[in-house]
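So the sequences go chain by chain: A and B. Its first residue numbered 90, the first sequence is counted upward by one per residue in the working numbering. Its first residue numbered 90, the second sequence is counted upward by one per residue in the working numbering. So the structure is just underneath, and the comments pick up after that.
There are 2 protein chains.
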Amino acid sequence: MGDTTGISEPTLEEQIAAYQREFQDLDPQVEKIVSALSRLNRRMNVAYGRQTAALGISNAEWEVLKALVLSGAPYRMGPSDLAKRLGLTPAAMTHRIDRMVAEGLVTRERDESNRVRVIVELTGEGREKWLEAMRLASVFEEDLLQDLSAEERTALGEVLTRLLRRVEHAQPDAGGRLSDLD
Amino acid sequence: MGDTTGISEPTLEEQIAAYQREFQDLDPQVEKIVSALSRLNRRMNVAYGRQTAALGISNAEWEVLKALVLSGAPYRMGPSDLAKRLGLTPAAMTHRIDRMVAEGLVTRERDESNRVRVIVELTGEGREKWLEAMRLASVFEEDLLQDLSAEERTALGEVLTRLLRRVEHAQPDAGGRLSDLD
DNA sequence: GCTTCGAAGTTTAGGTTTGAAGTCTTCAGG
DNA sequence: CCTGAAGACTTCAAACCTAAACTTCGAAGC
Chain A
90 MGDTTGISEP TLEEQIAAYQ REFQDLDPQV EKIVSALSRL NRRMNVAYGR QTAALGISNA
150 EWEVLKALVL SGAPYRMGPS DLAKRLGLTP AAMTHRIDRM VAEGLVTRER DESNRVRVIV
210 ELTGEGREKW LEAMRLASVF EEDLLQDLSA EERTALGEVL TRLLRRVEHA QPDAGGRLSD
270 LD
Chain B
90 MGDTTGISEP TLEEQIAAYQ REFQDLDPQV EKIVSALSRL NRRMNVAYGR QTAALGISNA
150 EWEVLKALVL SGAPYRMGPS DLAKRLGLTP AAMTHRIDRM VAEGLVTRER DESNRVRVIV
210 ELTGEGREKW LEAMRLASVF EEDLLQDLSA EERTALGEVL TRLLRRVEHA QPDAGGRLSD
270 LD
């Protein structure tokens, strides 16, 4: 994972001003929200990356551990399910599992009841790694939000889930319009 | 850019419940905000990816065009500056510029006043591509936020920039605590 | 002037992901 | 049974990234 520490970009205000200069047909308020969302997420991922790196795992491996843990005991999933869950191709999943097996985070075995299927199962070590990562992450997240009052947190959560519903239940066609899928 | 269309994850509510089950020491309200932020961003990137793909460019190339345009006329930057701006290594920047030169989106020439430096300059075609992409993106973004009232937009922008300031001026150490850098 | 150091880009080697092709297993019909 | 088809996973080649070594140029110091 590349060290994105040295990332240097203009301030949000400067960037909005530049957008106004180069593309007048743009609502600065909308752009502010979108740009802030994007930046916030990038910075958070950098932070998560440092934390997981300190535990000796990559962000990619953390994603796999997360999917397995959240699937609930006995913490088993097939490679295809994992791939769909993480938005990877099956090929990438195969290699990622290879590495994680070598590191003892998961095991891979054939399903004896259906020998086409493969079962990826979290090891005790893998679960422990996830718990450690979660402990770090939860401290970071609480710190991040510490300036927000309870009311602000509620409001923010509500607005974000509203936006999320809007993108999840609809995907834009090539023209950019959101069109319902279901 | 892999087609992440088939991404399949539990609903946000299910995921929060799973977190509670597997890691009790977690504020569901915090986790809701963080998870929604992360998902929202991922979905938006998928949407942007489709739009830029429809224009025959990748998300990666779009980032470069954006940096050049926002730098202002005459739309020139050095590879190192671009690399820092995008959070890439110089090596990656070299190859990315290679491709974009081949596609006619930018030109590369040596700075005659300082022959170590290289100048990457946006072409008319590159600028036009960016404008097209922005037209699509702005429609998408406006659609995304259409359910939010003016007051909600203002409040959301304010809260997000507040969070952004908190991560930008501080980066967590390996222990997860935010610690001021300046 | 000569040397040394640092900065800017490029090249090279290695690793991860993708898309396409291939293998193996299961299942439904003849 | 045997065959064909579909599904689950793996293998392979190509694309793109990172880290590190290398090349070149410019700026200081003696």
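C-beta atoms are modelled at their ideal positions from N, C-alpha and C, and glycine is treated no differently.
#### Entry: Neighbouring residues, chain A, relative to Glu-231 of chain B (Cβ below 8 angstroms)
The residue labelled residue 231 of chain B in the question sits at position 142 within the second sequence. Residues of chain A passing the Cβ test: Asp-116, Val-119.
### Among B:Leu-234, B:Ala-162, B:Ala-142, B:Thr-212, the one whose alpha carbon lies nearest that of Ile-186 of chain B
Mapped onto the second sequence, residue 186 of chain B falls at position 97. Considering only alpha carbons, the answer is B:Thr-212.
### Query
For a contact meaning CB atoms closer than 8 angstroms, what does Glu-98 of chain A contact in chain B?
Residue mapping note: residue 98 of chain A aligns to position 9 of the first sequence, counting from 1. Arg-174, listed in chain order.
### As assigned by DSSP and simplified to three states, the class of Leu-33 of chain B
Any property of residue 33 of chain B remains undetermined from this structure, which presents chain B solely from 90 to 271.
### Task
Within its chain, find whatever has a CB closer than 6 angstroms to the CB of Lys-121 of chain A; leave out the 5 residues flanking it on each side and keep chain order.
Counted from its first residue, the first sequence places residue 121 of chain A at position 32. Only Ile-105 meet the Cβ criterion.
### Task
Work out the CA separation of Val-153 of chain B and Ala-181 of chain B for me, nearest whole Å.
Reading the second sequence from its first residue, position 92 is the one you call residue 181 of chain B. Reading the second sequence from its first residue, position 64 is the one you call residue 153 of chain B. Roughly 12 angstroms between the two C-alpha positions.
### Query
When the cut-off is 9 angstroms and only beta carbons count, does Glu-257 of chain A lie next to chain B?
Counting from 1 along the first sequence, the entry for residue 257 of chain A is found at position 168. Chain B contact via Cβ: present.
### Query
Relative to chain A, which residues along the segment 127-154 of chain B have a C-beta separation below 7 angstroms, given in chain order?
Ser-127, Arg-128, Leu-129, Asn-130, Arg-132, Met-133, Ala-136, Arg-139, Gln-140, Ala-143
### Task
For my contact list, Pro-117 of chain A and Ala-107 of chain A are in at a C-beta cut-off of 8 angstroms; report their separation, rounded to the angstrom.
As a first step, residue 117 of chain A must be located in the first sequence, where it is residue number 28. As a first step, residue 107 of chain A must be located in the first sequence, where it is residue number 18. The Cβ separation is near 11 angstroms, so there is no contact.
### Message
So, for Met-166 of chain B: in the same chain, excluding its five sequence neighbours on each side, which residues have a beta-carbon less than 7 angstroms away from its beta-carbon?
### Response
As a first step, residue 166 of chain B is located in the second sequence; it is residue number 77 there, counting from the start. So the qualifying residues of the chain are Ala-156, Leu-157, Ser-160, Val-209.
#### Entry: Interface flag, Val-205 of chain A vs chain B, CB-CB below 9 angstroms
Position 116 of the first sequence, counted from the start, is the residue given in the question as residue 205 of chain A. No - not a single Cβ of chain B is within 9 angstroms of the one on Val-205 of chain A.
### Message
Which residue wins for smallest C-alpha separation from Arg-242 of chain A, given the options B:Leu-249, B:Ala-239, B:Thr-243?
### Response
Numbered from its first residue, the first sequence carries residue 242 of chain A at position 153. Of the listed residues, the one whose Cα sits closest to Arg-242 of chain A is B:Leu-249.
### Same chain, Cβ closer than 8 angstroms to Arg-110 of chain A, five either side skipped, listed in chain order
Numbered from 1 along the first sequence, position 21 holds the residue referred to as residue 110 of chain A. Nothing listed; no residue qualifies.
### Task
State yes or no: is the beta carbon of Ile-122 of chain A nearer than 9 angstroms to at least one beta carbon in chain B?
Sequence index remark: in the first sequence, residue 122 of chain A carries index 33 (1-based). Judged by the 9 angstroms Cβ criterion, Ile-122 of chain A is in contact with chain B.
### Query
From this set, B:His-184, B:Gln-113, B:Leu-101, B:Glu-231, which residue's C-alpha is nearest Glu-150 of chain B's C-alpha?
Indexing the second sequence from 1 puts residue 150 of chain B at position 61. Checked all of B:His-184, B:Gln-113, B:Leu-101, B:Glu-231; the closest Cα to Glu-150 of chain B is B:His-184.
### Query
Per the contact definition of three or more C-beta pairs closer than 8 angstroms, is the segment 169-179 of chain B in contact with the segment 192-203 of chain B?
no
### Query
Any beta-carbon of chain A closer than 9 angstroms to the one on Ser-227 of chain B?
In the second sequence, the residue the question calls residue 227 of chain B occupies position 138. Output row for Ser-227 of chain B: interface = yes.
### Query
Straight-line CA distance for Ala-222 of chain B to Ser-127 of chain A?
Locating residue 222 of chain B in the second sequence gives position 133, where the first residue counts as 1. Locating residue 127 of chain A in the first sequence gives position 38, where the first residue counts as 1. Cα-Cα distance, rounded: 17 angstroms.
### Task
Under 8 angstroms Cβ to Cβ from Gln-140 of chain A, same chain only, skipping five residues before and after it: list those, please.
One-based indexing of the first sequence puts residue 140 of chain A at position 51. Around Gln-140 of chain A: Ala-222, Leu-225, Ala-226, Phe-229.
### Query
Since Gly-161 of chain A meets chain B, which of its residues come closer than 9 angstroms, beta carbon to beta carbon?
In the first sequence, the residue the question calls residue 161 of chain A occupies position 72. Near Gly-161 of chain A (Cβ distances below 9 angstroms), the residues of chain B are Ala-107, Arg-110, Glu-111.
### Query
What are the boundary residues of the beta strand (DSSP E) that includes Leu-211 of chain B?
As a first step, residue 211 of chain B is located in the second sequence; it is residue number 122 there, counting from the start. Per DSSP, Leu-211 of chain B belongs to the beta strand (DSSP E) from 207-211.
### Query
To the nearest whole angstrom, what separates the beta carbons of Leu-252 of chain A and Leu-129 of chain B, a pair I think is in contact under 8 angstroms?
Your numbering for residue 252 of chain A matches position 163 in the first sequence. Your numbering for residue 129 of chain B matches position 40 in the second sequence. Leu-252 of chain A to Leu-129 of chain B, Cβ: 6 angstroms. Contact.
### Message
Distance check for Ser-238 of chain A and Ser-239 of chain B, CA to CA, integer angstroms please.
### Response
Looking up residue 239 of chain B in the second sequence gives position 150. Looking up residue 238 of chain A in the first sequence gives position 149. It is worth fixing the name first, because residue 239 of chain B is Ala in this sequence and not Ser. Taking the straight line from one Cα to the other gives about 21 angstroms.
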